[in-house]
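2 protein chains.
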Amino acid sequence: MPVVYVENVNAYEGIEITLRGWVYNKRSSGKLQFILLRDGTGIIQCVAFKGNFSPEQFETLDKVTQESSIEITGKARKDARSPGGYELDVAGFRILQQTENYPITPKEHGTAFLMENRHLWLRSSRQHAILKIRHEVMKACRDYFDDQGFTLVDTPIFTPNACEGTTTLFETEYFDQKAYLTQSGQLYNEATAAAFGKVYCFGPTFRAEKSKTRRHLMEFWMVEPEVAYASLEDTMQLAEGLICFILDRVLTRRRAQLEVLERDISVLERISPPFPRLSYDEAVKRMQAAGSEIQWGGDFGGGDETLISEQFTSPVMVHRYPSEVKAFYMQPDPERPEVALCVDVLAPEGYGEIIGGGQRIHDYDLLMKRLKEHGLSIEPFQWYLDLRKFGTAPHAGFGMGIERVIAWICKLTHLREAIAFPRTLYRIYP
Amino acid sequence: MPVVYVENVNAYEGIEITLRGWVYNKRSSGKLQFILLRDGTGIIQCVAFKGNFSPEQFETLDKVTQESSIEITGKARKDARSPGGYELDVAGFRILQQTENYPITPKEHGTAFLMENRHLWLRSSRQHAILKIRHEVMKACRDYFDDQGFTLVDTPIFTPNACEGTTTLFETEYFDQKAYLTQSGQLYNEATAAAFGKVYCFGPTFRAEKSKTRRHLMEFWMVEPEVAYASLEDTMQLAEGLICFILDRVLTRRRAQLEVLERDISVLERISPPFPRLSYDEAVKRMQAAGSEIQWGGDFGGGDETLISEQFTSPVMVHRYPSEVKAFYMQPDPERPEVALCVDVLAPEGYGEIIGGGQRIHDYDLLMKRLKEHGLSIEPFQWYLDLRKFGTAPHAGFGMGIERVIAWICKLTHLREAIAFPRTLYRIYP
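These protein sequence lines are chains A and B, in that order. Each residue of the first sequence is one higher than the last, beginning at 25 in our numbering. Each residue of the second sequence is one higher than the last, beginning at 25 in our numbering.
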């Protein structure tokens with residue numbers, strides 16, 4: 025007898041099949057038992073008719089509990105009222121484990137409790153939908169770059185130096201040395217872009233920020249493209265294209281999950297390129313007009329970003345921030361050296377920064393000067409300086425935080441739901 | 025004028041285009057300069073005719089050095105003798121940086137020197153070919169699982185507990201706690217398999233092994249599928265299918281790179297399913313016959329694996345090792361409880377283990393017993409035990425080390441060439 029996943033039931037109409045999964049919910053009406061079976065690929069209603077079972081068997085089925093593991097055999101038939109379009113007429117079943125006291129019930133639970141039971145919470149339909157969308161977002165990123173001929177070159181997690189300052193680094197003993205966990209693959213991307221032309225890395229990154237905001241995780245995934253001979257404008261177009269590609273994929277392939285989340289899909293559907301481009305100067309004026317006390321020269325706080333991102337229905341690209349508020353490697357604008365050829369992309373609906381990037385300094389002397397100004401020791405950056413000695417050229421790229429994109433697309437209130445096992449200030453369990 | 029990558033030159037025959045890249049090599053013959061331009065996507069020979077340039081310009085071109093960054097304009101024409109099928113007639117050029125003293129020359133260099141200059145070594149054709157194959161292998165893994173309806177669920181890097189013992193863990197301060205860097209996503213996969221049915225994770229993993237062998241890296245990438253309701257046999261088939269899928273992709277799409285590496289392609293082409301299945305018992309007998317001193321009950325060393333893997337032209341699946349030499353979570357064979365329902369896949373040509381996996385214990389009491397036998401504290405495993413309390417079912421999966429697969433496919437002598445920035449016992453630079 026074929027063993028079938030719920031998502032493939034349509035191919036087996038009228039044939040006796042076996043499904044294997046867990047009891048998601050159950051109700052009975054005298055002669056009928058209705059079991060919602062979930063197997064991770066979908067949920068199907070299985071209907072057992074009393075007349076087909078011994079009284080003991082029917083009683084057993086009546087008592088089966090939420091999240092019991094169960095094998096059910098029977099035939100699927102079309103049912104227009106069912107969410108998946110099919111129901112299963114139960115011919116037999118085998119309970120593998122009768123679950124007792126499953127902690128997550130349909131009633132409301134507090135966040136701390138759900139986080140403590142994250143390994144089980146993932147089985148609920150809302151978390152399931154978010155992580156299916158996460159998979160789609162990550163696959164879209166890879167396909168977008170692969171289809172354009174980028175080479176995936178994974179950058180290391182253990183690094184001898186800090187990309188954006190040393191205060192927010194996780195440190196580990198590495199035999200007789202110290203190693204730091206990467207905050208970004210960018211510096212390494214610059215080396216590989218000179219070898220492969222256009223590259224991306226896509227892996228976990230780490231920031232030891234003592235921050236409890238809804239926008240921060242200690243461990244998060246970033247996709248980071250880097251292109252040799254690219255300009256700020258090139259990288260802005262690449263970022264815009266990526267976001268549109270992801271949205272299209274999710275809207276096409278994960279509409280059902282957006283509906284589970286009760287996301288207003290029309291808001292996402294209205295987004296199309298080109299995204300508004302706003303200079304930092306203009307952004308500051310808009311923030312001031314909206315009541316912010318920001319002055320030219322200051323970095324945007326989360327609240328400032330929200331002010332901007334609430335004014336637009338599509339992502340906004342804010343470019344040319346003052347060099348002083350940005351990382352040491354940012355290329356100055358030749359026409360206005362006090363600003364950098366950089367861009368942040370802010371997601372709409374108040375979500376704020378999802379992408380940061382720009383052109384990198386390609387001149388050896390300027391880079392050396394900046395390293396010194398930032399008080400960074402030269403030795404661990406020797407290889408990075410080498411890139412400016414041996415065939416340097418303008419280059420640009422960006423980093424996109426995956427959880428932030430997912431939070432925006434799914435309209436989550438906190439990043440912690442955008443990853444299977446979030447690592448927050450006080451939590452590394454489960 | 026269109027700016028074109030070398031790999032796309034064929035679409036621009038006879039049209040004036042600009043290429044941007046680096047001088048890979050150069051020779052001249054009086055009236056002609058031949059510049060091999062590499063841009064990361066390919067290498068093309070650019071031919072400059074003296075009559076088309078001023079004496080100063082031609083002199084400049086004559087003096088351009090290896091790895092100088094350069095823009096070249098001109099028209100491409102078919103040339104059957106060229107590796108890419110095209111040559112470019114140079115109409116103009118602009119040198120962005122004349123490189124001085126590029127450290128990696130066509131002469132032989134020692135490994136330590138090359139590793140110290142890994143950021144530049146990646147530009148050489150051999151390293152370029154290996155990492156293009158790496159990208160293909162990783163993409164093949166993802167496509168294989170995605171196409172079969174697996175959900176990618178990334179597992180955390182920071183963990184509160186150790187999957188396979190505590191001696192080889194990297195540790196970090198995590199605010200007021202200690203966190204360990206993951207050695208495997210498997211335990212978490214078991215949680216997500218119960219939520220999504222079939223899952224995989226694919227990320228970096230870490231082992232602090234004081235080992236200098238050619239088969240070990242401190243940081244390496246693993247792809248790990250896990251399937252609810254799967255048996256050992258299911259997981260062996262899944263592993264076999266994955267390896268065949270990867271080989272097919274590399275042979276189809278990365279043949280040129282295998283040729284750069286002078287790999288004997290016919291050896292790879294001859295591999296087809298089903299792979300030989302060998303019980304541990306049989307494997308021990310074969311090893312003994314080949315001169316090993318191994319006794320039943322012992323784990324295989326690298327040398328033992330080599331003995332087996334040299335006897336076959338395809339990967340070999342060795343199953344049912346003694347439970348005692350395997351991790352605490354291995355499901356015992358019900359017909360012979362002293363052996364585990366596990367499998368190691370050994371690559372041929374002496375490469376040894378590339379995959380390890382099997383069925384996991386799904387019984388609560390047995391798992392508890394094993395945790396205690398292994399001296400592991402229960403508290404950090406509470407969530408893992410929960411999976412045996414709430415709808416437990418047989419399940420199986422495996423982990424495949426990406427660098428080991430790449431080393432085998434590319435026939436490398438050391439894993440360090442299979443990753444862009446290898447982390448070995450004494451090296452975290454660059």
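In this text, a Cβ means the ideal position worked out from N, Cα and C, and glycines have one as well.
Assigned exposure category for residue i - 16 Cβ within 10 Å defines buried
i      : result
B/K464 : Outside the modelled stretch of chain B, which goes from 25 to 454, sits residue 464 of chain B, for which no answer is possible.
A/P180 : buried
A/Y304 : buried
B/P297 : exposed
A/Q401 : Looking at the sequence itself, residue 401 of chain A is Ser, so the reference to Gln does not match. When all chains shown are included, A/S401 counts as exposed.
A/M246 : buried
A/A136 : exposed
B/D368 : buried
A/M260 : buried
A/Y450 : exposed
A/D200 : exposed
A/S93  : buried
B/H398 : exposed
A/L409 : exposed
B/E427 : buried
A/I39  : exposed
A/E243 : buried
B/E111 : buried
B/E178 : Per the sequence presented here, residue 178 of chain B reads as Asp, with Glu not at that position. Buried.
For residue i: DSSP bridge partner residues
i      : result
B/A252 : B/H419
B/T183 : B/Y204
A/E140 : In DSSP, A/E140 forms no bridge with anything.
A/I41  : A/G98
B/F82  : BP columns for B/F82 are empty, so no partner.
B/S333 : None, per the DSSP bridge assignment.
A/K222 : A/V251
B/M354 : B/R384
A/Q69  : A/L60, A/E111
Rounded C-alpha distance that separates residue i from residue j
i      : j      : result
A/H152 : A/S290 : 22 Å
B/Q57  : B/V88  : 10 Å
B/Y253 : B/F220 : 12 Å
A/E91  : A/L391 : 58 Å
B/Q383 : B/F422 : 9 Å
B/E306 : B/L370 : 14 Å
A/I96  : A/Y48  : 13 Å
B/A314 : B/H438 : 25 Å
B/G12  : B/P228 : Within the shown structure, residues of chain B are numbered from 25 to 454, placing residue 12 of chain B beyond reach of any answer.
A/S149 : A/E293 : 23 Å
B/G326 : B/I332 : 10 Å
B/T337 : B/I295 : 7 Å
A/R440 : A/V429 : 13 Å
A/R147 : B/A218 : 7 Å
A/A417 : B/I119 : 10 Å
B/A280 : B/L271 : 14 Å
A/L205 : A/F230 : 6 Å
B/E373 : A/E83  : 59 Å
B/M354 : B/T129 : 51 Å
A/V308 : B/R238 : 55 Å
A/V114 : B/I385 : 29 Å
A/E250 : A/Q172 : 13 Å
Short CB-CB distance (under 9 Å) between residue i and chain E
i      : result
B/M246 : You won't find chain E in this structure, because its protein chains are A and B.
Q. If contact means a Cβ-Cβ distance below 7 Å, which residues of the region 135 to 147 of chain A contact chain B?
A. H143, L144, L146, R147
**Q.** Minimum length 4: unbroken alpha helix (DSSP H) runs contained in the region 247 to 329 of chain A
**A.** 256 to 277, 279 to 284, 289 to 293, 304 to 313
Q. Of all the residues that make up the region 433 to 448 of chain B, which are near chain A by a beta-carbon distance shorter than 9 Å?
A. I443, A444, F445, P446, R447
(Q) As an exercise, report each continuous beta strand (DSSP E) stretch of at least 3 residues that is fully enclosed by the region 360 to 443 of chain B, in chain order. (A) 360 to 364, 366 to 371, 376 to 383, 419 to 425
Q) Between the region 32 to 49 of chain A and chain B, which residues of the former have a C-beta closer than 9 Å to a C-beta of the latter? A) N32, R44, G45, W46, V47
Q: Could you list the residues in the region 88 to 115 of chain B with a C-beta less than 7 Å from some C-beta on chain A, going in chain order?
A: E91, S92, S93
Q. Listed in chain order, which residues of the region 156 to 167 of chain B have Cβ atoms closer than 9 Å to some Cβ of chain A?
A. K156, R158, H159, M162, K163, R166
Q) If contact means a Cβ-Cβ distance below 8 Å, which residues of the region 299 to 312 of chain B contact chain A? A) none
Q) Which of the residues in the region 259 to 286 of chain A, read from start to end, lie with their CB under 7 Å from any CB of chain B? A) none
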